[in-house]
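Chemist: The structure under discussion is supplied below as structure tokens; questions concerning it will follow.
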Amino acid sequence: MRIFAARLANHFRRGRNGYPRSRDFSSLTKKEDLTLEEEAERKIGWMLKLFFAGTATYVGYQFFPYMGDTLIQQSVSLLHVKDPLFKRIGASRLSRFAIDDERRMKVVELGGAQELLHMLGAAKDDKTRKEALKALAALSKSDEAANFLGSKGALSIVKSTPDSAEDSDISTYKSNILKKLDDKDLSL
Numbered sequence: 010m011r012i013f014a015a016r017l018a019n020h021f022r023r024g025r026n027g028y029p030r031s032r033d034f035s036s037l038t039k040k041e042d043l044t045l046e047e048e049a050e051r052k053i054g055w056m057l058k059l060f061f062a063g064t065a066t067y068v069g070y071q072f073f074p075y076m077g078d079t080l081i082q083q084s085v086s087l088l089h090v091k092d093p094l095f096k097r098i099g100a101s102r103l104s105r106f107a108i109d110d111e112r113r114m115k116v117v118e119l120g121g122a123q124e125l126l127h128m129l130g131a132a133k134d135d136k137t138r139k140e141a142l143k144a145l146a147a148l149s150k151s152d153e154a155a156n157f158l159g160s161k162g163a164l165s166i167v168k169s170t171p172d173s174a175e176d177s178d179i180s181t182y183k184s185n186i187l188k189k190l191d192d193k194d195l196s197l
């Protein structure tokens, strides 16, 4: 009878707690066990997040250098549009891309310098002139690009650009370009 009573007590005890008999010998409580499970889930979640972030970073470094060339090409193609807003956007992008000699020459090779000169010559508002001059100033930091600009008549185009009473940056960009072209003796 004792055996039957012990089994019956075991059966009811297991039904109330939901844990097997070996749980009685554990030093952890139910709350401690839940916190351990939550901590394990959190650690695994962080490991998965780090894995996916690392994978995305690796893929990005493999993929984005190719996008850089197409972004320069797209920016140059924006200069071909008749709308001055798109021309300003393209010129602004080109001024940001022209950070080293290689990229400056890439802009020149794609025809961006020639289009910037056309844009500056045909500009009717100060915002468009400012962006064109800003991009030309960024390009003229390279000696090869400055030689190209000088051969295309940039000196006369920049000199004929009117100054703005509202925006002092236009005169700053103009003076930087003229100084670079005069230093190179490219007025011919």
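Taking our numbering, I'd label the letters of the sequence shown as residues 10 to 197.
The C-beta atom is built at its ideal place from N, Cα and C for all residues, glycine as well.
What would DSSP say about G162, mapped onto helix, strand or coil?
Modeler: Three-state result, G162: coil.
Chemist: Between the alpha carbons of L148 and I53, how many angstroms are there, rounded?
Modeler: Each residue's alpha carbon lies about 50 Å from the other.
Chemist: With a cut-off of 8 Å, do at least 3 Cβ pairs link the stretch 106 to 123 to the stretch 58 to 74?
Modeler: Cβ pair count under 8 Å is below three, so no.
Chemist: When you compare the CB positions of M56 and L88, do they come within less than 7 Å of one another, or not?
Modeler: Going by C-beta atoms, M56 is not nearer than 7 Å to L88.
Chemist: What did DSSP end up calling L43 once you bin it into helix, strand or coil?
Modeler: L43: helix per DSSP, three-state reduction.
Chemist: With the cut-off set at 7 Å, would you say S101 and E140 are in Cβ contact?
Modeler: Cβ atoms of S101 and E140: closer than 7 Å.
Chemist: Taking just the CA atoms, how far does G162 sit from S196?
Modeler: Caution applies to S196, whose pLDDT of 45 falls short of 50 and renders its modelled position unreliable; the value that the coordinates give is listed next. If I take the Cα positions, the gap works out to 8 Å.
Chemist: Taking the alpha helix (DSSP H) that G130 belongs to, which residues open and close that run?
Modeler: That run of the alpha helix (DSSP H) goes G121 to A131.
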